Amino acid sequence: MKTIPVTAAIIKKNGKILIARRKNSLCGNPGWEFPGGKVEPGETSQQCLAREIKEEFSVEIKVGKFVAESKHKIKNKTIRLTAFEAVVLSGIITPAEHEEIAFVNPAELLNYDLLPADVPIAKKVIKQQK
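So for the sequence shown, our numbering puts the first residue at -5; every next one is plus one.
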């Protein structure tokens, strides 16, 4: 079974966390997610995250500490999602590939239709806030 490495950013602003909703995902269905993307060959997870956030939101970020990892099986592949804290250094968050973005209170993350790989990450984020 093929494993696809994917990264996610936990971007906080005024105590709230950025989530974004895309039309289609690696899972093939729409849903909310922590922004990020697929790690390219020869790229670290942190490099991937900085690149993806710049491409998808037109902002420069500083990738911080590891938050959590989850694995989700879809048909003949496994998505390994690794989440890191991230801070916006410059730019205004402008979604290029997402239909909608929201800054939500950590306690409300599970009220959104998160993609399956993002749910365990959200639970860890919520637990860290308590």
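By construction, the Cβ of each residue, glycine as well, lies at the ideal position given by its N, Cα and C atoms.
On a predicted model such as this, the values are computed, not experimentally measured, just so you know.
Annotation for R74: T(-3), P(-1) and K65 place their beta carbon closer than 6 Å to its own, counting only its chain and skipping 5 residues before and after. Here V81 is exposed, its C-beta having fewer than 16 other C-beta atoms within 10 Å.
Here DSSP, grouped into helix, strand and coil, assigns E102 to helix. The three-state secondary structure of V61, taken from DSSP, is strand.
Under the DSSP assignment, E50 falls in the alpha helix (DSSP H) whose first and last residues are S39 to F51. The beta-carbon separation of S84 and E50, rounded to 15 Å, does not stay under the 8 Å limit for a contact. The residue from Q40, K71 and T72 with its alpha-carbon nearest to that of V57 is Q40. Sequence-distant Cβ neighbours of K118 in its own chain, meaning closer than 7 Å and more than five residues away, are V61 and A62. P114 sits in a helix when the DSSP states are folded into three classes.
Between the region 96 to 116 and the region 24 to 31 there are three or more C-beta pairs closer than 8 Å, enough to call the two in contact. Beta bridge pairing from DSSP links G31 with T1. The three-state secondary structure of K69, taken from DSSP, is coil. In this structure, DSSP gives I13 an extended state, which the three-state scheme calls strand.
CA-to-CA, the gap between G31 and T72 works out to about 14 Å.
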